[in-house]
Amino acid sequence: MTRRKLILGTSLLALLVAGAFVGVVLATSGGGDKLTVYTARSHYGEEKPFKRFASNEGADLTLFGGDASSLYERLKNEGAGTRADVLITVDAANLWRAEQAGLLAADRDPAVERHVPADLRDPQGRWYGLTVRARTIMRSTKRVKPADAATYESLGDPRWKGRLCLRSGTSEYNVSFVADRIAKDGAAATKAMLKRWMANDPDILGSDTDVLKAIANGACDVGFTNSYYLGRELEEDPGFPVAPVWADQKGRGTHLNLSGIGIVKGADQKEQARKLVRFLTEPSRQRAFARSNHEFGVDSQADTTPEIKQFGSFKRDPIDVAGAGEHLDDAVKMMSSVGWR
Numbered sequence: 006m007t008r009r010k011l012i013l014g015t016s017l018l019a020l021l022v023a024g025a026f027v028g029v030v031l032a033t034s035g036g037g038d039k040l041t042v043y044t045a046r047s048h049y050g051e052e053k054p055f056k057r058f059a060s061n062e063g064a065d066l067t068l069f070g071g072d073a074s075s076l077y078e079r080l081k082n083e084g085a086g087t088r089a090d091v092l093i094t095v096d097a098a099n100l101w102r103a104e105q106a107g108l109l110a111a112d113r114d115p116a117v118e119r120h121v122p123a124d125l126r127d128p129q130g131r132w133y134g135l136t137v138r139a140r141t142i143m144r145s146t147k148r149v150k151p152a153d154a155a156t157y158e159s160l161g162d163p164r165w166k167g168r169l170c171l172r173s174g175t176s177e178y179n180v181s182f183v184a185d186r187i188a189k190d191g192a193a194a195t196k197a198m199l200k201r202w203m204a205n206d207p208d209i210l211g212s213d214t215d216v217l218k219a220i221a222n223g224a225c226d227v228g229f230t231n232s233y234y235l236g237r238e239l240e241e242d243p244g245f246p247v248a249p250v251w252a253d254q255k256g257r258g259t260h261l262n263l264s265g266i267g268i269v270k271g272a273d274q275k276e277q278a279r280k281l282v283r284f285l286t287e288p289s290r291q292r293a294f295a296r297s298n299h300e301f302g303v304d305s306q307a308d309t310t311p312e313i314k315q316f317g318s319f320k321r322d323p324i325d326v327a328g329a330g331e332h333l334d335d336a337v338k339m340m341s342s343v344g345w346r
């Protein structure tokens, strides 16, 4: 384990790295309540709402970060002995898994419900949405017209043979997308679509960023990523030659996923945890989260960044957290069976 300490004004920021489990301590003078958060948001050490909460509440806030699946397994294995008071995770299926495993406390809070739509929170208050992100088609602005790739199904058109790039089938975002399609369209239709995708001999890459860069440099013409990855590229280079196609606008709409927050069952600091949930779900904090990573807040007042906003509004496919969660294993097996690995 390595330890680095950085003094930021009156705050102490300590980075503790142990494998993929990374801790960030946002400390006040040291006499406040101690609150521990497990978070799968990738920019958690930089996101201002956490620092603002620690300062406002006089709290010692510790953020432990890692990928969503690892944090879920850690929380489950730690059981009643966990240090975590709050879980923040990405991907609706991970919220569902934590809920089903009994890891999250039921805590309905009218103050939170005012800012989080009913379809983006658990009816019992075990989790609440913070941000949503679109997983949609990406195209070369130089070689592809929007109408040529307007639906998810269209990625199976033979015109894209040798011109399609996809992230690995092990990506939790891809698994959740497939699980959601199974829940809404059925296994047969979903498998048929994936077979057509695979028949186009796609380049399978390691990340959404790799997919976008492959489109930009001409290695492929179309792909499939989360929209915020494009926002990051456009922030660095406004001329980046890739644009989203908001998929399925004549159907259900573009697939969404979300990041969300819940209080851990048996949390030592339940009152502070409740305060943090209220604080982070306020529209201004949703907006801060959304703008720090080119996402969308769950509250309509919390809009996204100019890099993404320039592409206009779009019809959104309603999120079915339970439906996707129940078909996760089916999705993994299906993707493997068609060769999307």
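Adding 5 to a residue's 1-based position in the sequence shown gives its number in my numbering.
Backbone N, C-alpha and C define an ideal beta-carbon position, used for all residues, glycine too.
In this text the structure is predicted, and so the values were computed from the model without any measurement.
For residue i, does the three-state DSSP call read helix, strand or coil?
| i | result |
| --- | --- |
| S264 | strand |
| R88 | coil |
| K39 | strand |
| T310 | coil |
| A327 | helix |
| S16 | Low local confidence applies: a pLDDT of 36 at S16 is under 50, so the model's placement there is unreliable, and no value is given. |
| R148 | coil |
| T44 | strand |
| D185 | helix |
| L109 | strand |
| G236 | helix |
| D190 | helix |
| R346 | coil |
| F284 | helix |
| G161 | helix |
| F301 | strand |
| M340 | helix |
| T156 | coil |
| D215 | helix |
| R65 | Reading off the sequence, residue 65 comes out as Asp, not Arg. Residue state, collapsed to three classes: strand. |
| S75 | helix |
| D353 | This structure cannot speak to residue 353, because the chain is shown only from 6 to 346. |
| E52 | coil |
| A295 | helix |
| A272 | coil |
Are the CB atoms of residue i and residue j nearer to each other than 8 Å?
| i | j | result |
| --- | --- | --- |
| H332 | S232 | no |
| L135 | S264 | yes |
| D213 | R257 | no |
| D96 | N262 | yes |
| L109 | A116 | no |
| E52 | K280 | no |
| V343 | K196 | yes |
| K39 | Q274 | yes |
| R296 | T310 | yes |
| D347 | I187 | Residue 347 lies beyond the residue range present for the chain, which begins at 6 and ends at 346; the question has no answer from this structure. |
| Q129 | G330 | no |
| D253 | T94 | no |
| E240 | E312 | yes |
| M203 | W345 | yes |
| Y133 | V282 | yes |
I'd like to confirm the pairing. Which residues does DSSP put opposite residue i in its beta bridges?
| i | result |
| --- | --- |
| C225 | DSSP output for C225 lists no bridge partner at all. |
| G134 | G265 |
| P249 | M143 |
| V95 | S264 |
| N231 | R140 |
| I209 | L171 |
| D322 | Paired residues: none, contrary to the question. |
| R126 | Y133 |
| G244 | According to DSSP, G244 bridges with nothing at all. |
| T259 | R321 |
Take the Cβ of residue i as the centre, count every other Cβ of all protein chains shown within 10 Å, and call the residue buried at 16 or more, exposed below.
| i | result |
| --- | --- |
| A64 | buried |
| M6 | With a pLDDT of 33 at M6, under the threshold of 50, the predicted position of this residue should be treated as unreliable, though the coordinate-derived value follows. Result: exposed. |
| A219 | buried |
| S181 | buried |
| N82 | exposed |
| K320 | exposed |
| P54 | buried |
| N179 | buried |
| S176 | buried |
| S145 | buried |
| P207 | buried |
| A272 | buried |
| N222 | exposed |
| E276 | exposed |
| K5 | The first residue shown for the chain is 6 and the last is 346, placing residue 5 beyond what the model contains. |
| P249 | buried |
| G86 | exposed |
| R9 | Below a pLDDT of 50, predicted positions are generally treated as unreliable, and R9, at 27, falls in that range; the measurement from the model is reported next regardless. Classification of R9: exposed, given that the 10 Å Cβ count is below 16. |
| A123 | exposed |
| V22 | In this predicted model, V22 has a pLDDT of only 34, less than 50, meaning its place in the structure is not dependable; the value taken from the coordinates is given anyway. Under this definition V22 is an exposed residue. |
| G107 | exposed |
| E287 | buried |
| M340 | buried |
| K314 | exposed |
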